[in-house]
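Trainee: Below are the structure tokens for one structure; questions will follow.
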């Protein structure tokens, strides 16, 4: 929330002349009862000037340049305040009172504007502090799963990506400190998000299109993992966390810290070690073990007008791949020896993933006085990612993703009240998948974007405007496809002959080999406003039109995608009839852009004993890259049975689909197998998604707090039918009670039945999860630490995640006891 000086809660504001050439601002930060607020942070936006209030609430900013500035004051549990004023040649004194907030107010790093969660026209959620540590899991999707409007793809606990308002995959961007995580998680639900949450300072979720800040890959939202790997202040500090859990014999140890060598050089280091066996639900769930080690080293050089720093991160992770292993008995039960192997002997598991990632990142903020641009922010990252999917000791498929990304944001001095700037963004991605599960060919994607973002106060209304244009090119060389892949028996013959050179040569004349180069020019615009219509309330409205270029997988896929259990065909292909047979053909000059038209309405109350946030959203997407069920299956040479497909959430009705296809195409003998994989074709269609999100917090008294939240998403095709794997409605309540050195909480979350489904889905029953937790807060010298315990799924509910591709074979974990200790100094 931003106000002019005249609308601030000013206890005693006065301008007093001092020394003729001094340019200082001093003052006191008070609460509504005129008591000092020690530790309040006072800073001038888009400059390096900041100060922390002392025990008496007093602060001092010295040697300031003359001219207009925006003063920003923050303190925990208080509403942030902003003051527009002009720095004069004389000293100035300003005493300000802050209002207490009924909602947690956290500043957001994900946008170039300095804003908190209650100041944005776009709905924002931030998970930080103790709330983040308590929500911590081994995957990003599950860590965020309890946040309003956010669900998880849930791939058996070993992998999960966030779903924002029903959108995921290439429509939701995951970033680390503002730059793409650059893993393979946007390609398949079975791929791990490489961004580490254990050492994060906070995780920010922008619900709705954030294409202006991050590009067309953020058409559905952004999850930004913020850490301190590149320090911005000469401080020495650290934190640690250790925990153990019963449901999977899990062990976790992580720590992060920075050390100031002098006033200019600051070093950083963190490390994570995580180990877990297969978890238990109604039984032991196979191939859900995981083992992670990661570390990061960073260093910053602090300048008089900012900082510049670099970091290096190394991540190694091995985890099982549930649903990929077809060698076990049908009931999936373990033999008696299963419980004897607490260590993760990779040879004891038939199928697992082996991931390595190296990431180098550079961050810099530089501030300038009396220049056109007041701040220049630079971000640069190089990521080398690979993971191998190993079956019976042999590498089945290897995924490689090499990414170089750079972004520079130039924020200008205020111009007629407008504050904002220009962003220049470039990214090069080289992606390849090699092996039996490589359903998409190797490709390179180049993106270059320019964005303009501005905001201005007009009375009590903050107006925000933005526009972005991109140039996106996708190239792939030596792409092969077989036009006769759906001709009877042809796939099996060709598949078997791949291992025999002579026979393969006989069929090589069927293959079409081509090079592809496609160019797209997405354009996005957004207009938003935040109106503080009375003290403690505001109303946010955002309207946007965002465009997205399809991903390489959406264009070029042509193979069995094991993570989904489907045979996927990219949008550049089409099926047509030729001489009584169904053939695959290439569409020349295909260049459809996906266009999202969004409306967001947000009402917030953030003062008093009761606070709430209520969001309504509507999203109409033209040319949505939708996987259309073609109504038949193909025996793609991988050992998937009908039972496997049913376990993956697919309906056991291929006979009916076969009949429907035959009715449409006569008596042709296509490769239609009951035990095959369903065939899906990416094809642009118009869809609608709409719903609401609600949050409420009630402070009954100083010790007792009640929180509640609910969300609902409806997704459907405009020409009729439902979107697949749309998360169900949810309602949750949390009651917490705190003493002097402890607190405890009870959480209840009810997930409703989901029966708005497609033909190849099955309905998912409702379930209720009950969690309890307790914290004991202790200190010793400069060390503050917390001993905590929690019980997850207290009632041992057997629950299934509707949006998971492995819905039936990987239920949510059963009752889980967690104990741990975390601390900071």
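Numbering (the numbering used here), first residue to last: 24 to 848.
Virtual Cβ for every residue (Gly too), placed ideally from N, Cα, C.
By the 10 Å Cβ neighbour count, where 16 or more other Cβ atoms means buried, how is residue 542 classified, buried or exposed?
Mentor: Residue 542 comes out exposed.
Trainee: Taking all protein chains shown into account, decide if residue 175 is buried (16 or more other Cβ within 10 angstroms of its Cβ) or exposed.
Mentor: buried
Trainee: In whole angstroms, give me the CA-to-CA distance for residue 836 and residue 428.
Mentor: Approximately 38 Å, taken between the alpha carbons.
Trainee: Residues in the same chain with beta-carbon distance under 7 Å from residue 30, minus the five sequence neighbours each way, listed in chain order, please.
Mentor: Caution applies to residue 30, whose pLDDT of 34 falls short of 50 and renders its modelled position unreliable; the model cannot decide the point.
Trainee: Mind checking residue 337: buried by the 16 CB within 10 Å criterion, or exposed?
Mentor: exposed
Trainee: Touch check for the segment 533-549 and the segment 489-501: three-plus C-beta pairs under 8 Å?
Mentor: yes
Trainee: Where do the N-terminal and C-terminal ends of the beta strand (DSSP E) with residue 469 fall, by residue?
Mentor: 466-481
Trainee: Give me, in chain order, the residues of the same chain whose beta-carbon lies closer than 6 Å to that of residue 833; leave out the 5 immediate sequence neighbours on both sides.
Mentor: Cβ-Cβ distances below 6 Å link residue 833 to 179, 308, 345 in the same chain, with the five nearest sequence neighbours on each side left out; the list follows chain order.
Trainee: Please check the pair residue 249 and residue 224, which I expect to be a contact at CB under 8 Å, by giving their CB distance rounded to whole angstroms.
Mentor: 5 Å
Trainee: Within its chain, find whatever has a CB closer than 6 Å to the CB of residue 661; leave out the 5 residues flanking it on each side and keep chain order.
Mentor: Here residue 661 scores only 47 on pLDDT, less than 50, and its place in the model should not be relied on; the value that follows carries that caveat. Only 583 meet the Cβ criterion.
Trainee: Starting from the Cα of residue 797, find the closest Cα among 417, 165, 157, 753 and give me that residue.
Mentor: 157
Trainee: Is it buried or exposed, residue 854, if we count other Cβ atoms within 10 angstroms and call 16 or more buried?
Mentor: Examination of residue 854 is not possible in this model, given that the chain is present from 24 through 848 alone.
Trainee: Taking residue 752 as the reference, which of 817, 826, 727 has the closest Cα?
Mentor: Ranked by how close their Cα comes to the Cα of residue 752, the residues 817, 826, 727 have 826 in first place.
Trainee: Nearest-angstrom Cα distance between residue 366 and residue 205?
Mentor: Residue placement at residue 366 is poorly supported in this model, since its pLDDT is 45, which falls under 50; the coordinates are not used for a value here.
Trainee: Under three-state DSSP, which class holds residue 578?
Mentor: helix
Trainee: What would DSSP say about residue 57, mapped onto helix, strand or coil?
Mentor: coil
Trainee: Please confirm if the segment 737-749 is in contact with the segment 778-792, defined as three or more CB-CB distances below 8 Å between the two stretches.
Mentor: yes
Trainee: How would you call residue 103, buried or exposed, if buried means at least 16 neighbouring beta carbons within 10 angstroms?
Mentor: buried
Trainee: I believe residue 769 touches residue 795 by the beta-carbon criterion, under 8 Å. Please report the beta-carbon distance rounded to the nearest angstrom.
Mentor: 5 Å
Trainee: Could you tell me the boundaries of the beta strand (DSSP E) in which residue 503 lies?
Mentor: 484-504
Trainee: Alpha carbon to alpha carbon, what distance is there between residue 333 and residue 8?
Mentor: Residue 8 is absent from the structure shown; the chain starts at 24 and stops at 848.
Trainee: Write down the C-beta distance between residue 50 and residue 97 rounded to the nearest angstrom, noting that I regard them as a contact closer than 8 Å.
Mentor: In fact, because the Cβ distance is near 15 Å, the residues do not count as touching under 8 Å.
Trainee: At the level of alpha carbons, what is the spacing between residue 433 and residue 66?
Mentor: 19 Å
Trainee: What is the rounded straight-line gap between the Cα of residue 611 and the Cα of residue 537?
Mentor: 11 Å
Trainee: Mapping the DSSP letters down to three states, classify residue 753 as helix, strand or coil.
Mentor: strand
Trainee: Within its chain, find whatever has a CB closer than 8 Å to the CB of residue 73; leave out the 5 residues flanking it on each side and keep chain order.
Mentor: For residue 73, the CB contacts under 8 Å within the same chain, skipping 5 residues up- and downstream, are 64, 65, 66, 67, 84 in chain order.
Trainee: When you compare only the Cα positions, how much space is there between residue 604 and residue 210?
Mentor: 31 Å
Trainee: Is it a yes or a no for the segment 444-462 touching the segment 416-426, going by three-plus beta-carbon pairs under 8 Å?
Mentor: yes
Trainee: Using three-state DSSP, classify residue 219 as helix, strand or coil.
Mentor: coil
Trainee: Apart from the five residues just before and just after residue 644, which ones in its own chain have a Cβ nearer than 6 Å to its Cβ?
Mentor: So the list reads 619, 710, once near-sequence residues are dropped.
Trainee: Taking three-plus beta-carbon pairs below 8 Å as touching, is the segment 189-204 in contact with the segment 560-568?
Mentor: Output reads no: the segment 560-568 does not touch the segment 189-204.
Trainee: Considering only residues of the segment 399-458, which uninterrupted beta strand (DSSP E) runs meet the minimum length of 3 residues and lie entirely inside it, listed in chain order?
Mentor: 417-438, 441-458
Trainee: Closer than 7 Å: is that where the CB of residue 151 sits relative to any heavy atom of the ligand SAM?
Mentor: In terms of ligand content, the structure shown is empty, and the ligand SAM therefore cannot be addressed.
Trainee: CA-CA distance, residue 816 and residue 757?
Mentor: 14 Å
Trainee: Measure from the alpha carbon of residue 737 to the alpha carbon of each residue in 305, 648, 190, then state which is nearest.
Mentor: 190
Trainee: Identify every run of the beta strand (DSSP E) within the segment 180-238, keeping only runs that are complete inside it and at least 3 residues long; order them along the chain.
Mentor: For the beta strand (DSSP E) assignment, the uninterrupted runs of no fewer than 3 residues enclosed by the segment 180-238 are, from N- to C-terminal side, 185-187, 195-199, 225-230.
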